[in-house]
Structures are given as structure tokens and as C-alpha cells.
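Chemist: My structure is below; once you've seen it, I'll send some questions.
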Amino acid sequence: MSLKKYIGTKIIEAEPVVRLDGEFIQPADFTIPKDVTTVEEGYRVRYPDGYESWSPKDVFEEAYREIDGMNFGLAIEAAKKGAKITRRGWNGKGMWVIYRTGYPDGIPCNKNTAEAVGIPEGSLFKVRPYLQMKCVDGSFQMWLASQSDILADDWEIIE
Numbered sequence: 000m001s002l003k004k005y006i007g008t009k010i011i012e013a014e015p016v017v018r019l020d021g022e023f024i025q026p027a028d029f030t031i032p033k034d035v036t037t038v039e040e041g042y043r044v045r046y047p048d049g050y051e052s053w054s055p056k057d058v059f060e061e062a063y064r065e066i067d068g069m070n071f072g073l074a075i076e077a078a079k080k081g082a083k084i085t086r087r088g089w090n091g092k093g094m095w096v097i098y099r100t101g102y103p104d105g106i107p108c109n110k111n112t113a114e115a116v117g118i119p120e121g122s123l124f125k126v127r128p129y130l131q132m133k134c135v136d137g138s139f140q141m142w143l144a145s146q147s148d149i150l151a152d153d154w155e156i157i158e
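As numbered in numbering that gives the first Met the number 0, residues 0 to 158 make up the sequence shown, in order.
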């Protein structure tokens, strides 16, 4: 049997720490007592459900990146988990993007859309998932990423 390969994406909270003799977790700037024999650098990790654990530094840094300088792929994964994403490089302030699940089972078509697409008002109108942007003027629009957006490494999650 051949094992399959997997990739994971989680949004977590973490802080650098050291573990002393395998028993205590202390902040990374803690002064290490002379009688300690084992010092392990790592991170204290808190998952969305509140569970906390410790991760070795090299393992953690291979798997996680800070959320204030992500690539587009990580930003989209975050948006699919419900986060609002934005770019530091955008000229307009207050702009952000969210993932919308659409209406796969349909929604009654309003008059404006019915006239635009040529179907009767109230007809079932199915919408695929899409990205929606809050524009600088406070309005909203469906959004497509530019090549610059796709290749940028300045994506951030905002509250």
C-alpha cells in the first residue's frame, strides 16, 4: 500500500518558547537556569478549538508562516476558512476580499438580474462560489485577482 501525500492549512496562534528538561514551557527570552540539561526551542501553539501544544522550532517553521506576509495560495485558503484578506500593496485603504459559497441550490432571481440575463424574475438562479471585494468607497463587487495579486507575498488576514 502506498501512502498518499497531504498538505494542511490551519489558522493558529503561536509564540516562540523554550522547553526546559522536557517539563516546563517558558517564554523564549527566559533566562535558562544553570542546572537545566535539555533546552529545546519551539513554539507554544493554540488551535481554534482552544487546544494548546508545543511544537519543535524546525517543524513549526516548516509548516507555518505569519499571516502578515502570505502568498496568494495561503491567503485563499484563509479566505475559504472565513477570513477577510487584503494586500499591503493595494493603493485603496479599507479594501478586502472574502470567499462566498454562492448559491449552489439557487436563489430567486431579482428584477435587475432577471433583466440582465434574460430570465423571468423569481426564477431559480444558481451561483457558483466566488470572491467578493469591499471597495475603497464602501461598495462591493465580485472580484478576480490580477497577475500582480496572484504573485504577491504581501497578503494579510484582517479582523
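For glycine and all other residues, C-beta sits at the position ideal for the given N, C-alpha and C. These numbers were taken from a predicted model, which means no experiment stands behind them.
(1) Check whether the region 127-138 touches the region 93-105, taking contact to mean three or more Cβ pairs, one atom from each stretch, closer than 8 Å.
(2) Taking the alpha carbon of E60 as the reference point, which residue from I75, V44, G72 and P119 has its own alpha carbon closest?
(3) Can you list the beta strand (DSSP E) stretches of 3 or more residues lying completely in the region 89-134, in chain order?
(4) Quick check: A144 and Y63, are their CB atoms within less than 8 Å of each other?
(5) What does the alpha-carbon distance come out to for the pair G72 and K33?
(6) With distances taken Cα to Cα, identify the nearest neighbour of K110 among G101, P103, K9 and S122.
(7) Check whether the Cβ atoms of I10 and A74 sit closer than 8 Å, and answer yes or no.
(8) Which residues in the same chain have their Cβ closer than 8 Å to the Cβ of T36, if we skip the five residues on either side of it in sequence?
(9) Please specify which runs of the beta strand (DSSP E), each continuous and at least 3 residues long, are wholly inside the region 39-75, giving them in chain order.
(10) Closest by CA to A82, which one among I157, M0 and Y5?
(11) Do the CB positions of V58 and E39 come within less than 8 Å of each other?
Modeler: In short, the structure shows the following:
(1) yes
(2) As a first step, residue 60 is located in the sequence shown; it is residue number 61 there, counting from the start. Cα-wise, what sits closest to E60 is V44.
(3) Counting whole runs of 3 or more residues, the region 89-134 contains the beta strand (DSSP E) stretches 95-99, 102-107, 123-126 and 129-133.
(4) Position 145 of the sequence shown, counted from the first residue, corresponds to residue 144. Position 64 of the sequence shown, counted from the first residue, corresponds to residue 63. No; because the gap between Cβ atoms is not below 8 Å, this pair is not in contact.
(5) The count along the sequence shown starts at 1 and reaches residue 72 at position 73. The count along the sequence shown starts at 1 and reaches residue 33 at position 34. Their backbone Cα atoms lie some 45 Å apart in a straight line.
(6) Translated into the one-based positions of the sequence shown, residue 110 becomes position 111. The candidate whose alpha carbon is nearest that of K110 is S122.
(7) Within the sequence shown, the letter at position 11 stands for residue 10. Within the sequence shown, the letter at position 75 stands for residue 74. In this structure, I10 sits away from A74, with a CB-CB distance that is not shorter than 8 Å.
(8) Within the sequence shown, the letter at position 37 stands for residue 36. Counting only Cβ-Cβ distances below 8 Å, and skipping sequence neighbours, we find D20.
(9) 51-55 and 67-69
(10) The sequence position of residue 82 within the sequence shown is 83, counting from 1. Comparing Cα positions, the closest option is I157.
(11) Here residue 58 refers to the residue found at position 59 when the sequence shown is read from its first residue. Here residue 39 refers to the residue found at position 40 when the sequence shown is read from its first residue. Their beta carbons are not under 8 Å apart, which means V58 does not touch E39 by this criterion.
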